[in-house]
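**Student:** The structure that follows is given in the form of structure tokens.
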Amino acid sequence: MRVAILNCDFAKRYLEQYGDFADMAITMLEKTRGQCEMTDFTVYQVHKNEFPTLDILREFSGIYITGSESDSFDNSTPWIIRLRQLVAELLKNEDYPPIAGVCFGHQIVASSLGCKVARNVKGFEGGIVDLQLTSDAVNAGLFQRSPDSPTKNLKIVEVHHDIVYEVPQGYTNVGSSSKCSIQGLYKKNRLFTLQGHPEFVTEVSSRILDNMYQCNHLTSKERNDLEASSQKQDNQGYFAATYIWKLFCQDI
Numbered sequence: 013m014r015v016a017i018l019n020c021d022f023a024k025r026y027l028e029q030y031g032d033f034a035d036m037a038i039t040m041l042e043k044t045r046g047q048c049e050m051t052d053f054t055v056y057q058v059h060k061n062e063f064p065t066l067d068i069l070r071e072f073s074g075i076y077i078t079g080s081e082s083d084s085f086d087n088s089t090p091w092i093i094r095l096r097q098l099v100a101e102l103l104k105n106e107d108y109p110p111i112a113g114v115c116f117g118h119q120i121v122a123s124s125l126g127c128k129v130a131r132n133v134k135g136f137e138g139g140i141v142d143l144q145l146t147s148d149a150v151n152a153g154l155f156q157r158s159p160d161s162p163t164k165n166l167k168i169v170e171v172h173h174d175i176v177y178e179v180p181q182g183y184t185n186v187g188s189s190s191k192c193s194i195q196g197l198y199k200k201n202r203l204f205t206l207q208g209h210p211e212f213v214t215e216v217s218s219r220i221l222d223n224m225y226q227c228n229h230l231t232s233k234e235r236n237d238l239e240a241s242s243q244k245q246d247n248q249g250y251f252a253a254t255y256i257w258k259l260f261c262q263d264i
């Protein structure tokens, strides 16, 4: 199996020991592979305008789009415009491999499908957030641990100021939170996205909150409240990542 990773941001110095977003994605995918066959990961630095061709992407079993500090709705940055065009083309044709996207990756998919993505009027959402799964997600078997007792929540790290405001026609919204009503998108055998960061372990979330406080993007109280709340919750990001594998293996 081969997975293409479209990396959409530079490495952050304060997260140096974890690598960049592509490195964290590979770590997560390796640890959640389960019984899936050994996988070859190929990283494309799309934020540096390094793109694979459509023909090359046909050779992969799945495509993973990372997070980014950039805006998915930016109309002046060439690589973002090019990425939207690429994603739109990939989703038009079922001959191409399925796509998984997280945070910016989730937003770029929605934007490429013509949906509104913009700053969240409710403000920043961070730390470990408790998502309420939609009935459509539950019925599709997403994030379900037992057929006898439906799972209705998912706890995952969030770090975002932007949100998707519309669900594309033909796609399913997987969940919501108090600050974001569209927490992921799903289409059988084609797409699975999350507004959150399943690849972020709890320590990564803590370091991001610390950095935001040091850069005056969060007050001391905001940072402490988010951190205290996160420490009380189970980070289920790696469990969520098992559904990326299910997508790539055509099981969902």
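Here this note's numbering runs 12 ahead of the position in the sequence shown, where the first position is 1. Beta carbons are placed, not taken as given, at the ideal position from N, Cα and C, and that holds for glycine.
Kindly give me the distance between the Cβ atoms of Asn201 and Gln144, rounded to whole angstroms, as I take these residues to be in contact under 8 Å.
**Tutor:** Wrong, their Cβ atoms sit about 25 Å apart, outside the cutoff.
**Student:** Which residues in the same chain have their Cβ closer than 6 Å to the Cβ of Lys191, if we skip the five residues on either side of it in sequence?
**Tutor:** Lys134, Glu137
**Student:** If you draw a straight line from the alpha carbon of Ala122 to that of Val176, how long is it in whole angstroms?
**Tutor:** C-alpha separation (whole angstroms): 7 Å.
**Student:** Tell me the residue span of the alpha helix (DSSP H) that contains Lys233.
**Tutor:** 232-243
**Student:** Where do the ends of the alpha helix (DSSP H) carrying Arg202 lie?
**Tutor:** From DSSP, Arg202 is part of no alpha helix (DSSP H); its letter is neither H nor E.
**Student:** Can you tell which of Leu18, Ala34, Tyr30 has the C-alpha that lies nearest to the C-alpha of Asn61?
**Tutor:** Comparing alpha carbon positions, the residue from Leu18, Ala34, Tyr30 closest to Asn61 is Leu18.
**Student:** Could you tell me how far apart the beta carbons of Leu206 and His118 are, in whole angstroms, since I believe they sit closer than 8 Å?
**Tutor:** 6 Å
**Student:** Taking the continuous alpha helix (DSSP H) assigned at Leu41, which residues delimit it?
**Tutor:** 33-43
**Student:** Under three-state DSSP, which class holds Glu170?
**Tutor:** Reduced to three states, the DSSP call for Glu170 is strand.
**Student:** Just to confirm the assignment, what range does the beta strand (DSSP E) spanning Phe53 have?
**Tutor:** It spans 52-57 - the beta strand (DSSP E) in which Phe53 sits, taken as one unbroken run.
**Student:** Any idea if Leu95 is buried or exposed, counting beta-carbon neighbours within 10 angstroms, 16 or more meaning buried?
**Tutor:** With a threshold of 16 other beta carbon atoms within 10 Å, Leu95 meets it and is buried.
**Student:** Might you give, ordered along the chain, the residues of its own chain that have their beta carbon closer than 7 Å to the beta carbon of Glu81, omitting 5 neighbours on each side?
**Tutor:** Asp21
**Student:** Nearest-angstrom Cα distance between Phe63 and Tyr26?
**Tutor:** 27 Å
**Student:** Which residues does DSSP pair with Tyr76 in a beta bridge?
**Tutor:** DSSP lists Ile17, Ala112 as partners of Tyr76.
**Student:** Near Val150, what residues of its chain come up, given a Cβ to Cβ distance below 8 Å and the 5 sequence neighbours on each side ignored?
**Tutor:** Gln156, Pro162, Thr163, Lys164
**Student:** Return the CA-CA distance between Ser188 and Ile38, expressed in angstroms with no decimal places.
**Tutor:** 26 Å
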